[in-house]
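Participant: For the sequence shown, my numbering begins at 8 and goes up steadily by one.
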Amino acid sequence: MADTLYIKADRASKVASKNVTVGDVATLYCKNTSITAKCKTLKILSFQQEGKERYVCSIMKVISLIQEEYPGLDIQNIGEMDFLVEKDTKNQPSPAWEWTKVALICLAVFFGAAFAIMTFNNDVSVKELFDQIYQQVTGKEAGKFNTLEVGYSVGLAIGILVFYNHFGKRKIHKDPTPIEVEMRLYEKDIENTLIDGVQRKGARIDVD
């Protein structure tokens, strides 16, 4: 009975070495451990010193390399059909520049959110509504500030913290935050766009 090799390629992989092997981009399993060890060392591509730092490869290329080494091996793909291989340049920016970018983003988000909230309140006339409710409940004219406005402001801040489940390094619960979910979706969209773009250009690394 022929051995069976299972391949699970990741959607995107970063590789530090110049030569990219099957083990760098995929998880392999076979009862025959010698087959697994050998297949992991098979070379898929090489990054040039001056050239592309990102490639899209077909799983068919990996299967063809393995079958050249083991013609009778049964290969089962349980991962991606096409995957992205990116060179890890490890160019770390300076801490000062990183903190500067964080500060600029925080300022943009803070003032942008404040502007959005204020324009929304003006559009729906929140102040006038609170004044009317206050007068109907208490029978008095609303002053410059009233308890409804204070409660609304405090509740808005608490609601944002609870919704985003993130305050500093602390979380209310262990579920991913909405920002983390959106970031993962954004990364997947980027990967899909890069892979589709390469496929349209016919530059994918595939079987000969």
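Backbone N, C-alpha and C define an ideal beta-carbon position, used for all residues, glycine too.
Values in this document were obtained by computation on a predicted structure and should not be read as measured data.
At which residues does the alpha helix (DSSP H) containing Q206 begin and terminate?
Facilitator: P185 to K208
Participant: In or out: Y36 buried (at least 16 other Cβ within 10 Å) or exposed?
Facilitator: exposed
Participant: If you drop the 5 nearest sequence neighbours on each side, which residues of the same chain put their C-beta closer than 6 Å to that of K216?
Facilitator: Here the chain covers residues 8 to 215 and nothing more, so residue 216 does not appear.
Participant: What runs of the beta strand (DSSP E), each 3 residues or longer, lie entirely inside the segment 82-144?
Facilitator: 89-94
Participant: Can the beta-carbon of V29 be found less than 7 Å from the beta-carbon of R211?
Facilitator: no
Participant: Does DSSP put T34 in a helix, a strand or coil?
Facilitator: strand
Participant: Classify V188 as buried or exposed, calling it buried when 16 or more other Cβ atoms lie within 10 Å of its own Cβ.
Facilitator: exposed
Participant: Shortest alpha-carbon distance to S53 belongs to which of K134, V27 and N39?
Facilitator: V27
Participant: Of all the options L12, T145 and Y171, which has the alpha carbon lying nearest to the alpha carbon of P78?
Facilitator: Minimum Cα distance to P78 is reached at L12.
Participant: Could you tell me whether the segment 107-116 touches the segment 69-86, using the rule of 3 or more Cβ pairs below 8 Å?
Facilitator: Short answer: they don't touch.
Participant: Under three-state DSSP, which class holds K181?
Facilitator: DSSP places K181 in coil when its eight states are reduced to three.
Participant: For S24, which of helix, strand or coil comes out of DSSP?
Facilitator: coil
Participant: DSSP three-state call for V63: helix, strand or coil?
Facilitator: strand
Participant: How should I73 be labelled, buried or exposed, when 16 other C-beta atoms within 10 angstroms of its C-beta is the threshold for buried?
Facilitator: If you draw a 10 Å sphere on the C-beta of I73, you find 16 or more other C-beta atoms in it, and that means buried.
Participant: Are the beta-carbon atoms belonging to A44 and A16 less than 7 Å from one another?
Facilitator: no
Participant: Do you know how far the Cα of R191 is from the Cα of A120?
Facilitator: Distance between A120 and R191, taken at the CA atoms: about 22 Å.
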